[in-house]
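The next block holds one structure in the form of structure tokens; read it before the comments.
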Amino acid sequence: MRGSGPRAAGRRRTWGGGGGGGGDIPSTPASLAACYSSPRRAPLWTCLLLCAALRTLLASPSSEVNLLDSRTVMGDLGWIAFPKNGWEEIGEVDENYAPIHTYQVCKVMEQNQNNWLLTSWISNEGASRIFIELKFTLRDCNSLPGGLGTCKETFNMYYFESDDANGRKLKENQYIKIDTIAADESFTELDLGDRVMKLNTEVRDVGPLSKKGFYLAFQDVGACIALVSVRVYYKKCPSVVRHLAIFPDTITGADSSQLLEVSGSCVNHSVTDDPPKMHCSAEGEWLVPIGKCMCKAGYEEKNGTCQAPSPVTNVKRGKIAKNSISLSWQEPDRPNGIILEYEIKYFEKDQETSYTIIKSKEASITAEGLKPASVYVFQIRARTAAGYGVFSRRFEFETTPVFAASSDQSQIPIIAVSVTVGVILLAVVIGFLLSGRRCGYSKAKQDPEEEKMQFHSGHIKLPGVRTYIDPHTYEDPNQAVHEFAKEIEASSITIERVIGAGEFGEVCSGRLKQPGKRELPVAIKTLKVGYSEKQRRDFLGEASIMGQFDHPNIIHLEGVVTKSKPVMIVTEYMENGSLDTFLKKNDGQFTVIQLVGMLRGIAAGMKYLSDMGYVHRDLAARNILINSNLVCKVSDFGLSRVLEDDPEAAYTTRGGKIPIRWTAPEAIAFRKFTSASDVWSYGIVMWEVVSYGERPYWEMTNQDVIKAVEEGYRLPSPMDCPAALYQLMLDCWQKDRNSRPKFDELVNMLDKLIRNPSSLKTLVNTSSRVSTLLAEHGPLGPGAYRSVGEWLEAIKMGRYTEIFMENGYSSMDAVAQVTLE
Numbered sequence: 005m006r007g008s009g010p011r012a013a014g015r016r017r018t019w020g021g022g023g024g025g026g027g028d029i030p031s032t033p034a035s036l037a038a039c040y041s042s043p044r045r046a047p048l049w050t051c052l053l054l055c056a057a058l059r060t061l062l063a064s065p066s067s068e069v070n071l072l073d074s075r076t077v078m079g080d081l082g083w084i085a086f087p088k089n090g091w092e093e094i095g096e097v098d099e100n101y102a103p104i105h106t107y108q109v110c111k112v113m114e115q116n117q118n119n120w121l122l123t124s125w126i127s128n129e130g131a132s133r134i135f136i137e138l139k140f141t142l143r144d145c146n147s148l149p150g151g152l153g154t155c156k157e158t159f160n161m162y163y164f165e166s167d168d169a170n171g172r173k174l175k176e177n178q179y180i181k182i183d184t185i186a187a188d189e190s191f192t193e194l195d196l197g198d199r200v201m202k203l204n205t206e207v208r209d210v211g212p213l214s215k216k217g218f219y220l221a222f223q224d225v226g227a228c229i230a231l232v233s234v235r236v237y238y239k240k241c242p243s244v245v246r247h248l249a250i251f252p253d254t255i256t257g258a259d260s261s262q263l264l265e266v267s268g269s270c271v272n273h274s275v276t277d278d279p280p281k282m283h284c285s286a287e288g289e290w291l292v293p294i295g296k297c298m299c300k301a302g303y304e305e306k307n308g309t310c311q312a313p314s315p316v317t318n319v320k321r322g323k324i325a326k327n328s329i330s331l332s333w334q335e336p337d338r339p340n341g342i343i344l345e346y347e348i349k350y351f352e353k354d355q356e357t358s359y360t361i362i363k364s365k366e367a368s369i370t371a372e373g374l375k376p377a378s379v380y381v382f383q384i385r386a387r388t389a390a391g392y393g394v395f396s397r398r399f400e401f402e403t404t405p406v407f408a409a410s411s412d413q414s415q416i417p418i419i420a421v422s423v424t425v426g427v428i429l430l431a432v433v434i435g436f437l438l439s440g441r442r443c444g445y446s447k448a449k450q451d452p453e454e455e456k457m458q459f460h461s462g463h464i465k466l467p468g469v470r471t472y473i474d475p476h477t478y479e480d481p482n483q484a485v486h487e488f489a490k491e492i493e494a495s496s497i498t499i500e501r502v503i504g505a506g507e508f509g510e511v512c513s514g515r516l517k518q519p520g521k522r523e524l525p526v527a528i529k530t531l532k533v534g535y536s537e538k539q540r541r542d543f544l545g546e547a548s549i550m551g552q553f554d555h556p557n558i559i560h561l562e563g564v565v566t567k568s569k570p571v572m573i574v575t576e577y578m579e580n581g582s583l584d585t586f587l588k589k590n591d592g593q594f595t596v597i598q599l600v601g602m603l604r605g606i607a608a609g610m611k612y613l614s615d616m617g618y619v620h621r622d623l624a625a626r627n628i629l630i631n632s633n634l635v636c637k638v639s640d641f642g643l644s645r646v647l648e649d650d651p652e653a654a655y656t657t658r659g660g661k662i663p664i665r666w667t668a669p670e671a672i673a674f675r676k677f678t679s680a681s682d683v684w685s686y687g688i689v690m691w692e693v694v695s696y697g698e699r700p701y702w703e704m705t706n707q708d709v710i711k712a713v714e715e716g717y718r719l720p721s722p723m724d725c726p727a728a729l730y731q732l733m734l735d736c737w738q739k740d741r742n743s744r745p746k747f748d749e750l751v752n753m754l755d756k757l758i759r760n761p762s763s764l765k766t767l768v769n770t771s772s773r774v775s776t777l778l779a780e781h782g783p784l785g786p787g788a789y790r791s792v793g794e795w796l797e798a799i800k801m802g803r804y805t806e807i808f809m810e811n812g813y814s815s816m817d818a819v820a821q822v823t824l825e
């Protein structure tokens, strides 16, 4: 390739210039229509080729960005051939007269072929890894008469990087070989006659690239080939809004296993303390979401944005006097949750800097102490658990004058008496205050913020502080339900199918369509017919708890139905169900990074609960739900847990027993449930996830588990478990609860592992794992089993029974003597 050579612009009328070996195929120029109307008059090879090519003109996936697609170039491609009698361009048009660029070569009758086809310069647009998709046909050498010994069934592809478009005139040895391309299916002359010829599609990737662009080159060394299309592209993670954060278009990395961490920008009217992140995979997929933005106080989330909730609009005037104005209004259409109270701001017109704020739990107020014959401006806003909404527009009302116009002189004595009584009362009040001050008593001025403090059944709620409130402390449990859970009209719910049975009734899937909102898939828990009042309270108690939480890794409560039957709890729908069942169905199907992403989500949800002051007590993979995006969410908040004299020492709930194999030792022994005991349970969940839903402690009894844990035994590492993850499990299982990590520390440690995937490549040493399984003491030790086979089955190593027997370990005594060496 010492010279560039002239462009192969000629259009030959024979396949391979008459040297195809299979007989000349007529190639009179014809449009695509001729292929269908009169195939004998059309060039048979070209017709079939073009028909096949047109069937492949499909749009590339949205995560792929084309740098070149020869099928869509309307004009000249600008490619060159060397030598000029090698590769030839066959120019045809489709039914829309759009050009189809096809290059062919078939010099199978000649020795020592070295034919090059060079593309024009291709900009990589900043991508460091690009893909080349080739569509081509290739003739079977055995179908050629005489079995030509010089015929080949492969061709080569090369590339050369360059920062400009003037680097094509190079020597062959300056190009870097990408690969030798072979056909999966080659055609014969019979295929041409039967019209069953198929295109081959091959994709290769190149990277990392360091310059602005590159050239591609195709080398033929004696094959009979037609290159139908060349598509060059790179992959990206397309721009997306996730968790109220905008993630921009992101080009994938140069490494096929690389995850790029990308920070998102909060959408308008949303904020976050730590920018949310996602990871762009090499295949152009967003993975492992971390964190989220939250709508500002007064805004609600809708369709991935924060629009302000609807304000109070319909304000009606009530009784108006010279010193007071009474108002009433209707609840906003979209209040963003249950309204806890209203805030009313008012001021004398043109005196906006001096205003008064009063609060009311009712949709009405009376503003007193106003000036007669004065115009006052009122604005009203609602407060929900999400914060304050926006103020309404301004409403103006005027007080009456001191003396209303009247000819009735009988009013004068009454007014005089009223003024006299007022003066006397004022003198009494002043005298009382002065006497109080002389006694050394002086009441401090009350802080306006203290007046805003609310009391809920003995609980004090301070503005801006989110703390979990136990619904059982309310004298009236219904008050807790209505304060923390939104009432939904039953007509808004469509039940589609039953997906399970809950503690109180059936669990269904369905759709929720509320006015002004998009339809949502939901899960619906129903309360069975014939319930007692206690069962109703217990059933709705879970909603009172769940309604207090708002986090992407906590199951979201949509609302409740209490004003009609059946009574229902409506939550978001999690397509993949419970985590333990999902993992068992997909054993071994996920990467370590995906598993760590699941664990990170669970830890983030538990951090939120811990910060709220809520102790879960029953954290297990069965109580984690997972959606179609592999986002894990903590669920099951409605169980009361009582330690009873159970033969297996299990905690008992209304719905059944909770195995103590998830429970911390201090919670078993002293009923000491804290966030630290939840951390112990989280360590068991980690073990469940990495082992794809394996049952903790296998078939050991609960009593054996209690004894083993107390004696210091800990679950061994699951197979193929990264050492860093197993160390986190062991940290969670520290006997001293104060030595266990906090959930915020666990989130930070998992984030570091995600950002540094190489730290997950070191697996737990196999010999140390076997050593743990061969421990002489504890329920997993050999002494607890009657035979070697029984013991190996219990520790999930039954497939090694024959190996143990063949090596002389036929009794439990022999196994007990095994050392690490």
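Just so you know, the numbering used here puts 788 at position 784 of the sequence shown, and the rest follows in order with no gaps.
Where is the CB? At the ideal position from N, CA and C, for every residue including glycine.
- Counting C-beta atoms within 10 angstroms of its own C-beta, Thr667 has 16 or more neighbours from the protein chains shown and is therefore classed as buried.
- Judged by DSSP in its simplified three-state form, Trp684 adopts helix.
- Ranked by Cα distance from Leu767, the first of Trp737, Ser743, Arg803, Pro722 is Pro722.
- The residues Val693, Val694, in chain order, have a CB closer than 8 Å to that of Leu599 in the same chain once the five nearest residues on each side in sequence are set aside.
- For Met572, the beta-bridge partners assigned by DSSP are Thr530, Val565.
- Glu562 and Glu576 have their C-alpha atoms spaced approximately 7 Å apart.
- As DSSP reads the structure, Lys637 sits in a beta bridge with Leu629.
- DSSP places Ile549 in the helix class (H, G or I) of the three-state scheme.
- Inter-segment contact for the stretch 366-382 and the stretch 327-340 is present: three or more beta-carbon pairs are separated by less than 8 Å.
- Taken through DSSP and simplified to helix, strand or coil, Tyr789 comes out as coil.
- Your pair Glu92 and Gln108 checks out as a contact, with CB atoms roughly 6 Å apart and the cut at 8 Å.
- Distance from the CA of Met282 to the CA of Lys306, rounded to the nearest whole angstrom, comes to 21 Å.
- Under the three-state reduction of DSSP, Leu142 is assigned to strand.
- Ile361 and His247 have their alpha carbons spaced roughly 35 Å apart.
- Of the candidates Thr678, Trp684, Pro669, Leu264, the residue whose Cα lies closest to the Cα of Asn706 is Pro669.
- For Val381, the enclosing beta strand (DSSP E) has its first and last residue at 379-388.
- Taking C-beta separations shorter than 6 Å and ignoring five residues to either side along the sequence, the partners of Leu531 in its chain run Phe508, Gly509, Phe543, Pro570, Val571, following chain order.
- Straight-line measurement puts the Cα of Asn760 at about 25 Å from the Cα of Asp209.
- Selection Met298, Ile294, Glu402 evaluated against Lys323 yields Glu402 as nearest (Cα-Cα).
- By the CB criterion at 8 Å, Thr205 and Lys139 fall inside the cutoff.
- Bridge partners of Glu806 according to DSSP: none are assigned.
- Nearest to Ile503 by C-alpha distance, out of Arg143, Lys529, Asp682, Phe747, is Lys529.
- Listed in chain order, the non-local C-beta contacts of Lys240 below 7 Å within the same chain comprise Ser67, Val69, Asp253, Thr254, Ile255, Thr256, Gly288, local neighbours out to five positions each way being set aside.
- The shortest C-alpha to C-alpha distance from Asn327 to any of Lys375, Pro280, Arg321 is the one to Lys375.
- In the structure shown, Gly605 falls within a helical segment according to DSSP collapsed to helix, strand and coil.
- Gln108 is bridged by DSSP to Glu92, Ala230.
- Annotated three-state conformation of Cys241 is strand, per DSSP.
- Under the three-state reduction of DSSP output, Ile324 falls in the strand class.
- CA-CA distance, Arg321 to Ala377, rounds to 16 Å.
- The alpha-carbon of Glu157 is positioned some 7 Å away from that of Cys145.
- In this structure, the CA atom of Asn128 is about 27 Å from the CA atom of Leu203.
- Out of Trp83, Gly130, Arg338, the CA that lies nearest to the CA of Ser233 is found in Trp83.
- Between Ile136 and Val207, the C-beta spacing is below 8 Å.
- Distance from the CA of Gly90 to the CA of Ile134, rounded to the nearest whole angstrom, comes to 28 Å.
- DSSP places Pro293 in the uninterrupted beta strand (DSSP E) bounded by 290-294.
- A Cβ-Cβ distance of about 6 Å is found for the pair Glu352 and Tyr380, placing them in contact under the 8 Å criterion.
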